[in-house]
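Residue numbers (the numbering used here): 9 to 378.
Glycine included, every Cβ here is placed at the ideal spot set by N, Cα and C.
Note that the structure is predicted; figures quoted are calculated from it, not measured.
Everything below concerns the one structure shown next.
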Amino acid sequence: MATLSAEIFKSAKLVVLKIGSALLVKNGSLREAWLQSVAKDVMALKGQGKGVLIVSSGSIALGRGVLGLQGDLPLEQSQAAAAVGQIRLARAYQGALQPHGIETAQVLLTLEDSQNRRRYLNTRATLNALLALGVVPIVNENDTVATDEIRYGDNDRLGAQVASLIGADVLVLLSDVDGLYSADPRKYPDARHFGLVEQITHEIEDMAGDIGSAGASGGMRTKLMAAEIAMKAGCAMAIAKGDGLRPVQALQNGAPCTWFKAADDPGSARKRWISAMKMAGMVTIDAGAARALRGGSSLLPAGVRAIAGDFGRGDPVEIRDEAGDLVAKGLVGYSADEAREIIGVKSAEIEARLGYAGRSALIHRDDMAI
9 MATLSAEIFK SAKLVVLKIG SALLVKNGSL REAWLQSVAK DVMALKGQGK
59 GVLIVSSGSI ALGRGVLGLQ GDLPLEQSQA AAAVGQIRLA RAYQGALQPH
109 GIETAQVLLT LEDSQNRRRY LNTRATLNAL LALGVVPIVN ENDTVATDEI
159 RYGDNDRLGA QVASLIGADV LVLLSDVDGL YSADPRKYPD ARHFGLVEQI
209 THEIEDMAGD IGSAGASGGM RTKLMAAEIA MKAGCAMAIA KGDGLRPVQA
259 LQNGAPCTWF KAADDPGSAR KRWISAMKMA GMVTIDAGAA RALRGGSSLL
309 PAGVRAIAGD FGRGDPVEIR DEAGDLVAKG LVGYSADEAR EIIGVKSAEI
359 EARLGYAGRS ALIHRDDMAI
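This is how it looks when you write it as structure tokens:
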């Protein structure tokens, strides 16, 4: 396991850590010493040249402690607890990471941010900008406005969606269990532990009971759902025991865990996903732009000759040359009406044409499958 974990981490450029409520909060109070140890893990990862993003539960659990709320909560009280807890959660991460020279940012997401293509692109651009600036984004569901029983589903799946969104190489679900077992190890001590899963079969799904913790909303089934999302996105995922100090260091050094290993890298998986979409329109480009795209460049408005279709920002479109040959498919950064306004326009002139500052690329290379 030490060799496998070391191998996966060595090649990773972007790591997402998902931290569950049961690890971060105990009896309504923050586990400060534990969080400070995680901050050292984050510092170590960044010292290895990796970008780090944290998906953290805990706002409701912290808020419950502050407000003295007990038992099952109705939706409005859960949202109130989240509102109180989110401030404390953000402050806790800032306090833990800032002494190491690491800036943090709070990002609150809802399910719509990953389902609506326009918001998907906006969220992706914001997170990538933060990561490029060396910031560690702290992501949580916006539980103060979520109405589907307060849950995205759970933060395991939110972690996988975020890892997919930003093209992460590794997702680590820090939990109170050290991986997948053939049965609940707390009930069946002889249950078999799985160190590596390369395909999630019906047999694997049947092994997952609903193992959860007090104060947490996820179980093993949701972790397998997260693994499916991550693997399809080309992201390796680990379920690892995280209640001890320096849990990421322990994982890198070979602590027991279950790795769900993706067949593709994130870039290839994303391109395959884009290619499989139903196209909403077409962009015709000149020969120079076609050469630039094949060389790995983004599509700039200056190389565009025509726009067909009625698409919105974030919709998938075909990119064809003037002979009608397919060059690429991609997620467009402007609506069809906006795109028509900037056909053939240099990037520096987009603001004058549209009346507001826009993106320099019509379709970014990261959102394109050649």
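_Once the 5 residues before and after R127 are set aside, which same chain residues still bring their CB inside 7 Å of it?_
E120, D121
*Sequence-distant residues of its chain with Cβ nearer than 6 Å to R367 (five each side left out)*: G341
_So, with DSSP's three-state summary, where would you put A98?_
helix
_Buried versus exposed, by CB contacts within 10 Å (16 or more), L339_ = buried
*Helix, strand or coil: how does DSSP classify P274 here?*
helix
*What distance in whole Å lies between the Cβ atoms of I293 and V312, which are believed to be in contact at a cut-off of 8 Å?*
6 Å
_Less than 7 Å between C-beta atoms, sequence neighbours within five positions excluded: which residues of the same chain meet that for A316?_
G289, M290
*Between the C-alpha atoms of L334 and H201, what's the straight-line distance to the nearest angstrom?*
48 Å
*For K240 versus A277, is the C-beta distance shorter than 8 Å?*
yes
*Spatial distance of L32 from L43 (CA atoms)*: 7 Å
*Tell me whether H210 is buried or exposed, calling it buried when 16 or more other Cβ atoms sit within 10 Å of its Cβ.*
exposed
*Taking DSSP as the reference, what is the three-state secondary structure of A20?*
coil
*asked:* In the DSSP output, which residue or residues are listed as bridge partners for G338?
replied: V325, M376
*Cutoff 7 Å; reference N136; Cβ partners in own chain excluding five residues on either side*: I174
*Below 8 Å CB to CB, which residues in the same chain sit around G303 once its five sequence neighbours on both sides are set aside?*
none
*Along the alpha helix (DSSP H) that carries R132, what are the first and last residues, could you check?*
125-140
*Could you check where the beta strand (DSSP E) with E149 kicks off and where it finishes?*
144-149
_Taking the straight line between their C-alpha atoms, what separation do you get for R321 and M287?_
13 Å
_Proximity winner among N35, A41, A238, relative to R254 (alpha-carbon distances)_ = A41
*Looking at the unbroken beta strand (DSSP E) that takes in I62, where does it start and where does it end?*
59-64
*asked:* Out of Y101, P82, L70, L12, which one is the CA nearest neighbour of V46?
replied: Y101
*Regarding S305 and the ligand NAD, is the C-beta to nearest heavy atom distance less than 7 Å?*
Here there are no bound small molecules, and the ligand NAD is not part of this structure.
*asked:* Can you tell me whether N150 is buried or exposed? The criterion is at least 16 other CB atoms within 10 Å of its CB, across all chains shown.
replied: buried
*In the structure shown, what three-state DSSP assignment does A347 receive?*
helix
*CB-CB under 6 Å to L139, same chain, minus the five flanking residues each way: which ones, in chain order?*
G59
_Rounded to the nearest angstrom, what separates D251 and N163 at their Cα positions?_
17 Å
*Of the choices G36, K54, A168, K34, whose alpha-carbon is the least far from that of Q257?*
K54
*asked:* My assumption, with CB atoms under 8 Å, is that V170 sits in contact with V24. Please give the rounded CB distance.
replied: 6 Å
*asked:* Considering only DSSP beta bridges, list what Q423 is partnered with.
replied: This structure does not reach residue 423, given that the chain is present from 9 up to 378, and the question cannot be answered.
*Between the Cα of I68 and those of A310, L129, Q78, spot the shortest distance and give me the residue it belongs to.*
Q78
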